[in-house]
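Numbering of the sequence shown is given in my numbering, commencing with residue 137 and proceeding in unit increments. Glycine included, every Cβ here is placed at the ideal spot set by N, Cα and C.
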Amino acid sequence: MEKYEKLEKVGEGTYGKVYKAKDKATGQLVALKKTRLEMDEEGIPPTALREISLLQMLSHSLYIVRLLCVEHIDKNGKPILYLVFEYLDTDLKKFIDSHRKGPNARALPTALIQSFLFQLCKGVAHCHSHGVLHRDLKPQNLLVDKEKGILKIADLGLGRAFTVPMKSYTHEIVTLWYRAPEVLLGSTHYSTAVDMWSVGCIFAEMVRRQALFPGDSEFQQLLHIFRLLGTPTDKQWPGVSSLRDWHVYPQWEPQNLASAVPALGPDGVDLLTKMLKFDPSDRISAKAALDHPYFDSLDKVSVEVGVRVRADLVLGSGLELGSWAELVLGLGLEPKRPTITLNSITLEDLAVSVDAARFKVNFNVTMNGSVSIENPNRVSFQYEDINPYIEYGGQEIGDVHIPAGNIGARTTTTMNFTLMIMADKISSNPNLFSDVVEKGMLQLTLYVKLKGKVKLNVLFKIKFKVSSKCDLSLDIRNGTLANQSCHSKIKL
């Protein structure tokens, strides 16, 4: 673990400690989850094995925290396992608390609650579609990137793969406040519905900024639930009175759920009601929740939850995405490759002078061009604050002007650019000098670098960097651009 520098301890639980750390080589922030392995016949604890196996299966999703690698070391003869995760700066519990306490206490914006809940349902649906119950959903296990408005599910230590029919599972799962009534009543045969009850409790907590059912024992937890939702009957929930821990409870009538979440509109109350159904078979699924009218006002295709891009751009007869590219620019969208084609590039102005005594070539070049970007994704976005510059021989010698604009969803958009090189005092190499004098050609290897932001809406921006190596051949006798090629890399 020498490659990482521990910065601070950010958490500690039953299964180990969590540190914020930095990769010494790259500067990348990571989270290190440390698990001390007990020396017994079991070997690696089953919770750690379970989390590793489930994360390896699930963490390609944008909605699940990404497991970067697993490190195993021996310290003073004691084996230690480190799980290395991507780092997010806070969790939903701390985020809610920051809006509840202090001088800046305020309600979470409705659009943000919608976005977080949508992302949570996407993550839960992803788990369930792969046959996995999380079993410990709570605000502390939902990591948040405050800058980007991203929410990711973490801590799969209690997760289990499920089968149909459902297996018998351990009874003691899920932190008390988010525990489904069937689990509180002793059921060991449960389904994906246990996670959806937890999602409903988390939804209400984001709206209220405090827990919906804050019980301090299993019995008190049930009383909190029954007081608000009414005491269940066998008619409402077939078989409830036969569950192992069922007792005779006070008979409460259901209250108006809207009174517990007064800031929530009718559609939100309806969705919450469907998440908090007593009968697990009646509880809404994560996949169905995504289509609920509560999310109709959410611009789903503009809510950015992460972008991963690794692409080679080749400029020749056309500019197109090369060997591999993954663009995820919207919730729930499968990545599709855009096609970027060079329409034209023209030489507008060229001035070259030769200092024969010093073997120097001075030149000023202006070129205009345009590219077409065919965007097959259901996401439109704006680009702004793009500041490209050109390097030659380690010196900045020019810039590229790209006016702000918009790339439409499922459309082809034209982007114009102007490239200006001002190299009045740059020292040339002998080959450059001889090419100009003997061949009448100005042949340049330039490095074009730019950085900027892609804006998806008022809340979300993605920073990006582009680095290009370009070879240009300019015929100074005819004042024309003879040839050009460019190899570029994008980093977001």
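Do you know how far the Cα of residue j is from the Cα of residue i?
{"i": "I533", "j": "L478", "result": "24 Å"}
{"i": "P215", "j": "A161", "result": "25 Å"}
{"i": "L256", "j": "V201", "result": "12 Å"}
{"i": "M503", "j": "L198", "result": "40 Å"}
{"i": "M193", "j": "G152", "result": "22 Å"}
{"i": "G238", "j": "M558", "result": "54 Å"}
{"i": "M332", "j": "L143", "result": "36 Å"}
{"i": "V606", "j": "F553", "result": "A quick correction: the sequence has Cys, not Val, at residue 606. Cα to Cα, C606 sits roughly 15 Å from F553."}
{"i": "F355", "j": "T369", "result": "17 Å"}
{"i": "F414", "j": "Q372", "result": "8 Å"}
{"i": "S195", "j": "V572", "result": "55 Å"}
{"i": "T550", "j": "P512", "result": "15 Å"}
{"i": "M556", "j": "E510", "result": "26 Å"}
{"i": "V330", "j": "I481", "result": "59 Å"}
{"i": "K496", "j": "V488", "result": "11 Å"}
{"i": "E456", "j": "L191", "result": "Residue placement at E456 is poorly supported in this model, since its pLDDT is 31, which falls under 50; the coordinates are not used for a value here."}
{"i": "G505", "j": "P539", "result": "12 Å"}
{"i": "F254", "j": "L279", "result": "14 Å"}
{"i": "N117", "j": "L578", "result": "Outside the shown range of the chain (137 to 628) lies residue 117, about which nothing can therefore be said."}
{"i": "Q391", "j": "T367", "result": "11 Å"}
{"i": "I612", "j": "H537", "result": "24 Å"}
{"i": "D291", "j": "K139", "result": "24 Å"}
{"i": "G544", "j": "K284", "result": "21 Å"}
{"i": "S395", "j": "N240", "result": "25 Å"}
{"i": "L610", "j": "D485", "result": "11 Å"}
{"i": "L203", "j": "L400", "result": "35 Å"}
{"i": "N619", "j": "D233", "result": "60 Å"}
{"i": "V507", "j": "Y528", "result": "24 Å"}
{"i": "I209", "j": "V220", "result": "13 Å"}
{"i": "L358", "j": "Y155", "result": "36 Å"}
{"i": "P350", "j": "M137", "result": "40 Å"}
{"i": "M342", "j": "G213", "result": "45 Å"}
{"i": "L287", "j": "F252", "result": "6 Å"}
{"i": "G541", "j": "Q531", "result": "29 Å"}
{"i": "L426", "j": "D432", "result": "10 Å"}
{"i": "W313", "j": "S604", "result": "53 Å"}
My output table needs one value for residue i: the three-state DSSP class, helix, strand or coil.
{"i": "K605", "result": "strand"}
{"i": "I509", "result": "strand"}
{"i": "L420", "result": "Residue identity check: residue 420 is Ile in the sequence provided, not Leu. DSSP places I420 in coil when its eight states are reduced to three."}
{"i": "V536", "result": "strand"}
{"i": "V319", "result": "helix"}
{"i": "P215", "result": "strand"}
{"i": "D281", "result": "strand"}
{"i": "E141", "result": "strand"}
{"i": "V330", "result": "helix"}
{"i": "T409", "result": "helix"}
{"i": "K496", "result": "strand"}
{"i": "L248", "result": "helix"}
{"i": "I232", "result": "helix"}
{"i": "V166", "result": "strand"}
{"i": "F414", "result": "coil"}
{"i": "D227", "result": "strand"}
{"i": "K575", "result": "helix"}
{"i": "L291", "result": "Reading off the sequence shown, one finds Asp at residue 291, where the question assumed Leu. Looking at D291 - three-state DSSP - the assignment turns out to be coil, as it is neither helix nor strand."}
{"i": "D491", "result": "strand"}
{"i": "G238", "result": "coil"}
{"i": "A545", "result": "coil"}
{"i": "V201", "result": "coil"}
{"i": "S433", "result": "coil"}
{"i": "L273", "result": "coil"}
{"i": "Q620", "result": "strand"}
Would you call residue i buried or exposed, if buried means 16 or more other Cβ atoms sit within 10 Å of its Cβ?
{"i": "Q387", "result": "exposed"}
{"i": "D352", "result": "exposed"}
{"i": "T616", "result": "exposed"}
{"i": "G576", "result": "exposed"}
{"i": "E141", "result": "exposed"}
{"i": "T547", "result": "exposed"}
{"i": "C337", "result": "buried"}
{"i": "C205", "result": "exposed"}
{"i": "H264", "result": "buried"}
{"i": "Q346", "result": "exposed"}
{"i": "K87", "result": "Here the chain has residues from 137 to 628 only, and residue 87 is not among them."}
{"i": "I526", "result": "buried"}
{"i": "S417", "result": "exposed"}
{"i": "Q164", "result": "exposed"}
{"i": "G259", "result": "buried"}
Ignoring anything shorter than 4 residues, give me the alpha helix (DSSP H) runs that lie fully in the stretch 335-388, in order along the chain.
Those alpha helix (DSSP H) runs which fall completely within the stretch 335-388 and span 4+ residues are 354-365.
Is the stretch 315-332 touching the stretch 372-387 in the sense that three or more CB pairs, one from each, lie closer than 8 Å?
The stretch 372-387 vs the stretch 315-332: in contact.
Between the stretch 267-287 and the stretch 224-235, do three or more beta carbon pairs fall short of 8 Å?
With the cut-off at 8 Å, the stretch 267-287 and the stretch 224-235 touch.
Assess contact between the stretch 162-170 and the stretch 242-250, defined as three or more Cβ pairs (one per stretch) separated by less than 8 Å. Is contact present?
Fewer than three pairs of CB atoms, one per stretch, sit closer than 8 Å, so the stretch 162-170 makes no contact with the stretch 242-250.
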